[in-house]
Structures are given as C-alpha cells and as structure tokens.
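Colleague:
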Amino acid sequence: MTASQALHDLTLAQQSQALASGQTTSVALTRHALERAAAAAHLGAFLHIDADGALAAAAASDARRAAGQALGPLDGVPIAHKDIFVTEGQPTTAASKMLQGYQSPFDATVVARLKAAGVVSLGKLNCDEFAMGGANENSAYGVARNPWDTTRIPGGSSGASAVAVAARLVAGTTGTDTGGSIRQPAALTGITGIKPTYGRCSRFGMIAFASSLDQAGPMARTAEDCALMLQAMSGFDERDATSAQQPVPDFVGALNALRAGATPDKPLQGLRVGVPKEFFGDGVSADVLAATRAALSQLEQLGATLVDISLPRTELSIPVYYIIAPAEASSNLSRYDGVKFGHRAAKYSDLNDMYRQTRAEGFGPEVKRRIMIGTYVLSHGYYDAYYLQAQKLRRMIADDFQAAFKVCDVIAGPVAPTVARAIGSQTDPVQEYLADIFTLPASLAGLPGMSLPCGFSDHDLQKPLPIGLQLIGNYWQEAQLLHTAHAFQQATDWHQKAPAAAA
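Just so we're aligned: the sequence shown equals residues 1 to 503 in the UniProt record's numbering.
1. In chain order, what residues of the same chain have a beta carbon less than 8 Å from the beta carbon of Ala-13, not counting five sequence neighbours either side?
2. Going along the chain, which residues of its own chain have a beta-carbon closer than 6 Å to the beta-carbon of Pro-264, five neighbours each way excluded?
3. Please list the terminal residues of the continuous alpha helix (DSSP H) segment that includes Leu-289.
4. I need the straight-line Cα distance from Gly-44 to Ala-162, nearest angstrom please.
5. Rounded to a whole number of angstroms, what is the C-alpha to C-alpha distance between Gly-89 and Pro-218?
6. Tell me which residues share the same chain as Tyr-387 and place their Cβ nearer than 8 Å to its Cβ, disregarding the 5 neighbours each side in the sequence.
7. Would you call Val-430 buried or exposed, if buried means 16 or more other Cβ atoms sit within 10 Å of its Cβ?
8. So, helix, strand or coil for Lys-392, using DSSP?
9. Helix, strand or coil, according to DSSP, for Thr-263 in the structure here?
10. Considering only the alpha carbon of each residue, which of Val-252, Leu-333, Ala-487 lies closest to Gln-269?
11. Measuring alpha carbon to alpha carbon, tell me which of Asp-353, Ala-390, Ala-41 ends up nearest Pro-319.
12. Exposed or buried, what is Gln-462 when buried is set at 16 or more other beta-carbons lying within 10 Å of its beta-carbon?
13. Excluding sequence positions up to five away, which residues of its chain have a Cβ less than 6 Å from the Cβ of Tyr-336?
14. Could you please give the first and the last residue of the uninterrupted beta strand (DSSP E) stretch that includes Val-275?
15. Got a sec, what are the start and stop residues for the alpha helix (DSSP H) Leu-43 sits in?
16. Using DSSP with H/G/I as helix, E/B as strand and the rest coil, what is Pro-218?
17. Return helix, strand or coil for His-81, following the three-state DSSP convention.
18. Can you tell me which of the three DSSP states Ala-18 falls into?
19. Where does Ile-207 fall in DSSP's three states?
20. Distance, Cα to Cα, Ile-411 vs Val-339?
21. Considering Cα atoms alone, identify which of Gly-68, Gly-76, Ala-67 is closest to Leu-55.
22. Consult DSSP for Ala-445 and reduce its assignment to one of helix, strand or coil.
23. Please name the residue, chosen from Thr-87, Cys-201, Val-120, that lies closest to Thr-25 on a Cα-to-Cα basis.
24. Using a Cβ-Cβ cutoff of less than 8 Å, which residues in the same chain neighbour Ala-435 once the five nearest sequence positions on both sides are dropped?
25. Going along the chain, which unbroken runs of the beta strand (DSSP E) with 3 or more residues stay wholly within the stretch 417-492?
26. Can you tell me the Cα-Cα spacing of Gly-253 and Leu-311, whole angstroms?
27. For the stretch 280-288 and the stretch 358-373, state whether three or more C-beta atom pairs, one from each stretch, are separated by less than 8 Å.
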C-alpha cells in the first residue's frame, strides 16, 4: 500500500497485506466500503447492507489481530454475497418477490466457510431472479448497472457481484455460475471470476436454480484474489449430496509455481492452449475477436503453445442447456407455493387458487417462462423427445472436451460474443440466450472455467467497454487456470483498469 493509494484501490490481497502490516484496520476498511456502497446506490448493486453486523465483525477481527492470534489472509477483509446464498440474520430473497423479507436460520456453507476465514460481510447483492438471466435485468428490485457505462448491463446473473468489484465497492464477492453467470458478468465489467469444477464448492444453502449445473465461485479483480477466496470456499460438505470428496490443492501457492522447464520470464513454457475454431466464427464482434487474439499472442509470449482444436457440438449447447436447466428449475421452484415460507397471495378462493395466485404474484416473467418450458419438456409424451435427448447430447459435449484435452492443457477463447449491450435493448429472450454460446459448454460438462480482462472496445461507443478472455480447464484443474491467469496478469495491466465511477 502506497501513500497515494486509497483503500478501495487495493486488491483483496493488498488489503490483506495492509491489515497484516498494521497500515490499516478492518474497521477502517469496512467503514470505507460502507461509505462507498451508500454513495453508489445508483448502480443497484446492493439489496441489503448490514452496516452494524459488518462493523461488529470488523471490530472482532481487529481484536483478534491485537491479541496476537494467528490469522488467515482473509481475516478482516470486507466482501459481499450474491443474494442467492442464505445468510443467518440477513434477508435472502434471490432477487424475487417470492422471498421478499425471508430470513434464513442458518448460513450457506460457502458463507459459513468465508465467515470462519474471518471475512467481513457487508451485505447481499442484487442478481437476476433465482439466478435466471444474463443481464441482471430480471431482478424484482431493479437492474444493476455497469459502472463503465451505467446505460449498459453488467451481465448476469451475478451482475451486481461484478458491479461491486468493478466499482471498487468491495475487493471480492461471491457469485454462482449455472450457464456462465460468473464468467459473463466478469467479462462485461472488466474483473476476474472463476467457476470451479462442479462439486468443488458446496451447494448447501445456495438457492437452487438447476441442481446439476449450479456452482458457487469467487469474483474479484485478480486471479490472486480469486485464489484466496476459492481456497476458503472449497471442500467436501456432507450436507450436499453433489459435493465431491476431492482434496483441495494450494490454489495460492500454485499461482507462482513454475512448471517443469518453465522460467520466470516464460512461466507458461510447456503449456498447451487449445483454441477451438467454433469460438471464433460468425457472430463474434470484431473488437472481441481482436482482443481475444491479442491475449492468445500474449500467452504465446509467456511460453505457451497454441493448438487448434474443435468442440463440434458447441452450437448444440444452447438448446441442450435451455431444456435441462428449465426442467430442473421447474422441479426446484415447485416448493414456492405459499404454504411453508415465502410470499402468499392475500386473496384466494381455495387451495389451488392460492397456489395459482401466489406463484403468479411472486414470480417474474423470466422465471415463469422457464418453469413453463421445464414443465413442458418433462411432461408425458415429451420427456423422451426433449429431456432425454438433451441429456445424451450433454454427455457428447463433455466427451468433446475430453477429446480436446488429449492435445491441450487449457482451452482459451472469448467469454461473450459482444461487449455489454444497452439496458432494455433486448426484448427477444431467445436472442438473449444466444449470448451464452461460449460459456454453456463448460457448464454442461461440469468443467472449471474463468474469465479475466484482456482488452477494451471503443468502436462506435462513447465509453470503452471491457472484454474478457475465457480459460477452461479439465476437471479439478482450477490451480492450473489460476496459474495461467496470474501469469497473464503479471504481464498485462487490463485487470488494473478502473471505470471513472470507481474514483
């Protein structure tokens, strides 16, 4: 921390170092973050700010440090959680009227593990309702706005998690990725985010959208920050039937670990980077292609070797995902019927009418659309034709990746076909779904993927907008992704750029 740096200019790792060296306190960091969050209300990032709870947690961290206790790197650092994770003592709404005012009696495992690591939670962040959407326009409580240009979307569904980091409100946030909901908003706001392998982070206490796809992950400014958070978030949880009994590697230590034959100036020597031809075709804007190809050249300069590969079923990932995810959503959301918790209609004639009125009032248009699609594809006479075929294709998509990983170690390409669009400019839901073309395949296969800033577009725009590079790894290879991203960020400064709104 230099004399010219404001507290919000510090990355999560730098805030940790400043706390350890006594240059600041957790209370000072937390007060500063609370002030910035209040001043940035126009961005629509926070749904709930727990100022009293955050300051109490910060004071407790300072007391632990003053007592000489051995503290982890996250102790005392303020973050915020996507409002899809249940939190004891704070509202959890999933950005839906259906859960307005709901408070959970327990913490989600991800929240509990970060709390055990000493983080200070500022509050809950906006998102697409029940994590359904790619723009953060589907929230029942208003849109979140991209701090690079507040007339544009930040991406979704973890859009506000990305906004909070990009606008320097907090240094790190939690997000969830079902079909790209960490990677896409990270790309559109110029930050770093990683979706770990399915099963790496517990889903217990994470409000379900599509259970075979949902996965928690961190969002921050750098790969180093993501590694610090992922280290605390990961691990087996017996309360989650989909949690993997997989050892958690040293993500932080892997950042600077040199591969066999690599050197400090060629840290990626020997790394084979697969470049899928399907990610560079028609429909990808010229500025995204240029920034992505420049990033690939940078990886080559760092010692990596580019390998041409094919993921032939990439286009099929859209219909496959939008059959499987709504099918699982229709099942998961059937629990919101007004009986046990959540919204209940004030007027109804009988039990069935209560169900109808409650769900009509509580769910937004996109959630209703996906429930209807999901119910249709699971119905008698259509299950074999749609859902079963989609599951078969899902396996083929996963097999395509395994074939590719025989000749490469990491796959690289664009995150989204274009930069962030204007808020309200897309009224066709099918066209909106097409924007997920490059993130869906890894989600369907359950593979880890991440986004890191790699450039900007200012073509025909009044304000430059960020572009992200996507890295996809094989199962349980998050450490390799983080190492690759860290090497890229040590050689570039895209991740250091901040919007004017963050000043």
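In this text, a Cβ means the ideal position worked out from N, Cα and C, and glycines have one as well. The model shown is predicted, which means the values in this text are computed figures rather than measured ones.
Modeller: On the basis of the coordinates in this document:
1. Pro-73, Thr-222, Glu-224, Asp-225, Leu-228
2. none
3. 286-301
4. 12 Å
5. 22 Å
6. Ile-323, Ile-324, Ala-327, Val-377, Leu-378
7. exposed
8. helix
9. strand
10. Ala-487
11. Ala-390
12. exposed
13. Met-98, Gly-342
14. 272-276
15. It is not in any alpha helix (DSSP H) - Leu-43 carries neither H nor E in the DSSP assignment.
16. strand
17. strand
18. helix
19. coil
20. 47 Å
21. Gly-76
22. helix
23. Val-120
24. Gly-134, Gln-184, Ala-416, Pro-417, Thr-418
25. 449-457, 465-473
26. 32 Å
27. no
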